[in-house]
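J.:
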Amino acid sequence: MEMINAIGRRKSAVARVYLIEGTGKITINKVELAKYFPSAILQYVVKQPLLLLGAEEKYDIKCNLDGGGFTGQSQALRLAIARALVKVDAEDKKALKAQGFLTRDSREVERKKPGQPKARRRFQFSKR
C-alpha cells in the first residue's frame with residue numbers, strides 16, 4: 014500500500030494526514046500523540062475513526078497540524094483520518110458517515126463589528 018494523504022479542517026485549524034501501513038503509531042508535527050495532546054479526551058477524539066473500524070494497530074499516521082486551538086486541531090485531525098480511511102477502503106464510508114466523522118463542521122467565529130465590543134454584544138444603552 015502506498016502513502017495516502019487527506020486534509021481536514023475545523024475553525025481555523027488545518028490537518029494534513031499521511032497514512033501508511035504500520036503498527037498504529039500516530040505522529041503530529043514530529044511529536045507523538047500523547048505528548049501533543051496530553052488530554053485523554055482529545056486523544057480519544059483523534060482515534061475515534063480508527064476505533065470504530067478496529068484499525069488502531071493497522072496504520073501509521075503522520076500529520077501536520079496548523080492553526081486553531083487544541084480542540085479544533087483534534088477535530089480537524091479526526092476528519093482527516095476518516096477521509097484517509099475512506100480512500101483506503103470505500104466500504105468503510107457508510108459506518109464513518111453514520112457517526113458523523115466525514116462531515117466538515119463549517120461553524121466559524123463571527124467577526125467583530127465596528128461600534129460594538131464583540132460580534133453580537135452591544136454597548137449598554139442609556140436613555141439619559
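No gaps in the numbering here: position 94 of the sequence shown is 107 in our numbering, and each next residue is one more. By construction, the Cβ of each residue, glycine as well, lies at the ideal position given by its N, Cα and C atoms. All values derive from a computational prediction rather than experimental measurement.
1. Kindly indicate which three-state DSSP category Leu78 falls into: helix, strand or coil?
2. Give the DSSP-derived three-state secondary structure of Arg91 in the structure shown.
3. On a CA-only basis, which of Lys43, Arg29 and Ser52 is nearest Gly80? Give me that one, please.
4. In this structure, what does DSSP give as the bridge partners for Arg29?
5. Does the beta-carbon of Asp102 have 16 or more other beta-carbons within 10 angstroms, so that it is buried, or is it exposed?
T.: Quick look at the numbers:
1. Locating residue 78 in the sequence shown gives position 65, where the first residue counts as 1. Leu78 falls in the strand class under three-state DSSP.
2. Here residue 91 corresponds to residue number 78 of the sequence shown, with the count starting at 1. Arg91 falls in the helix class under three-state DSSP.
3. What you label residue 80 is simply residue 67 of the sequence shown in a count that begins at 1. Comparing Cα-Cα distances from Gly80 to each of Lys43, Arg29 and Ser52, the minimum goes to Arg29.
4. As a first step, residue 29 must be located in the sequence shown, where it is residue number 16. Paired residue(s): Ile20 and Asn77.
5. Here the question's residue 102 lines up with position 89 in the sequence shown. Looking at its Cβ environment, which holds fewer than 16 other Cβ atoms inside 10 Å, Asp102 is exposed.
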